[in-house]
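Following the working numbering from start to finish, the sequence shown increments by one per residue and tops out at 311.
The block underneath contains the structure these notes are about, expressed in structure tokens.
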Amino acid sequence: MADSDEELPPAFSSVEDGKKKNFMKDDIVWVRCNKVYWPAVVTNVSHKTRKVYVKTVNSPRKRKAIKIGFSSIIDFEDKKRNRQLFELGKRACSNFQPAYEKVKQFYVMKHHQHKLSAARYLTFEPGEVSYGTLPDMEVAEDSNSICNEECVYPLTEEELDSDPGNISNDSFGYQKSQNSYSAVTENSTSPSCSSSLSQIELRQKEEEAKILLAVIQGDACWNHLCRIYREEIYSERHSCFMSGNHKLKSNLKYFSGINIFPTGDLELELVNTLRDYIGRLGIKSDWSDYMYYVWLPELQYGPAVNSASNR
């Protein structure tokens, strides 16, 4: 990862290295789990006890949040630490980079959609497929530990001042045992990361996603979504959303993307396509919620996906 700010999300440009901050709900932080630092979302904060509740990025949305002290988390927007923890995580686990890219994608989208929820965007429902999950996660719910093997500690100044390229795995507690993470190269798959994709599988998924994206960007899909919005064809999701009934609306399942999209870039292109459709239709009220609550689920189970999968 390059040192230039061009590689970082827009929010990073105004954050100074080592800057102290009061953590808030929906902040993104680094936590140490299973001997690797992983991005996580703050779901609740107790300033009185200086503790936060967090969920790791790409974890199941219904998983119980983990309680951890302020001193044991690292601000994701600290550029210096971010770059170094990125290098360490990439070497430690092949599932790491998709999770990191998902956070970068969130920052880009948050820049345009200020009400976008990090907790919703960066976690997933049971029916959704997520790539870049933290494998074999085991947690303990006390303030000083996020896994049952060791306590969580921020990096020391000596470790932070080291060149990430020269940091050994032993410096961060990586032990060469059956249960530990081993360093991986870009073209290899860590045996510990059982849910990660091989290069062949990833290319196959990317090809499937590109076919689906082309279908969604085509006239047939555009016309289908227009007809849903104009109520020319019936959509239960559209009816619930437009009813004004908050209970019905709250029962709609929120989607952050379509299951087969394996990379953040492809998912972002999908969202940009739908934002363009929103603009062409002139939807101004709750347009972001409408896109996530109605259109994305309709595409998930509708003719666009079926058409692409049958090719």
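Every residue, glycine too, gets a C-beta built ideally from N, C-alpha and C.
Quick caveat, the model's predicted, so the values are computed rather than measured.
Could you tell me which of 71, 207, 211 and 203 sits nearest to residue 30, measuring between CA atoms? 71
What three-state label does DSSP hand residue 241 in the structure shown? helix
Three-state secondary structure (DSSP) of residue 214: helix
Could you give the DSSP three-state label for residue 282: helix, strand or coil? coil
Would a C-beta distance cut-off of 7 Å place residue 67 and residue 53 closer than the cut-off? yes
Is it true that the CB of residue 268 sits closer than 7 Å to the CB of residue 105? yes
If you scan the segment 36-72 from start to end, which runs of the beta strand (DSSP E) of 3 or more residues do you find wholly inside it? 36-46, 51-56 and 66-69
What did DSSP end up calling residue 96 once you bin it into helix, strand or coil? helix
Residues near residue 273 in its chain [Cβ-Cβ closer than 8 Å; skip 5 each side]: 213, 216 and 217
Does the beta-carbon distance from residue 81 to residue 74 come in below 7 Å? yes
Tell me which residue opens and which closes the beta strand (DSSP E) that residue 28 is part of. 28-33
By the DSSP assignment, the alpha helix (DSSP H) with residue 247 in it spans what residues? 246-250
Can you tell me the Cα-Cα spacing of residue 50 and residue 93, whole angstroms? 30 Å
Separation of residue 266 from residue 295, as counted between CA atoms: In a straight line, the C-alpha of residue 295 is about 17 Å away from that of residue 266.
Quick check on this structure: which residue in 118, 25 and 293 has the alpha carbon closest to the alpha carbon of residue 237? 293
In the DSSP assignment, find the alpha helix (DSSP H) that holds residue 228 and state where it starts and stops. 219-229
Verify whether the separation of the beta carbon atoms of residue 45 and residue 118 is less than 7 Å. no
Between which two residues does the alpha helix (DSSP H) containing residue 290 stretch? Start and end: 287-290.
Reduced DSSP secondary structure (H/G/I, E/B, other) of residue 86: helix
Under the three-state DSSP convention, the category residue 321 falls into: What the structure shows of the chain is the stretch from 1 to 311, and residue 321 is not part of that stretch, so it cannot be assessed.
From the DSSP output, in three-state form, read off residue 264 for me. helix
Where residue 91 falls: helix, strand or coil (DSSP): The three-state reading of DSSP puts residue 91 in helix, counting H, G and I together.
Cα separation between residue 289 and residue 275? 11 Å
What do you get for residue 37, buried or exposed, if any count of 16 or more other CB atoms within 10 angstroms of its CB means buried? buried
Give the DSSP-derived three-state secondary structure of residue 124 in the structure shown. Reduced to three states, the DSSP call for residue 124 is strand.
Cα-Cα separation, residue 230 to residue 248: For residue 230 and residue 248, the distance between alpha carbons rounds to 20 Å.
Can you list, in chain order, the residues of its chain with a C-beta nearer than 6 Å to that of residue 264? Leave out the 5 residues immediately preceding and following it. 101, 102 and 105
CB contact check: residue 39 to chain D, cutoff 7 Å: Of the protein chains in the structure, only one exists, and it is not chain D.
Can you tell me whether residue 204 is buried or exposed? The criterion is at least 16 other CB atoms within 10 Å of its CB, across all chains shown. Label assigned to residue 204: exposed.
Within 10 angstroms of its Cβ, does residue 223 collect 16 or more other Cβ (buried), or is it exposed? With fewer than 16 other Cβ atoms from the protein chains shown falling within 10 Å of its own Cβ, residue 223 counts as exposed.
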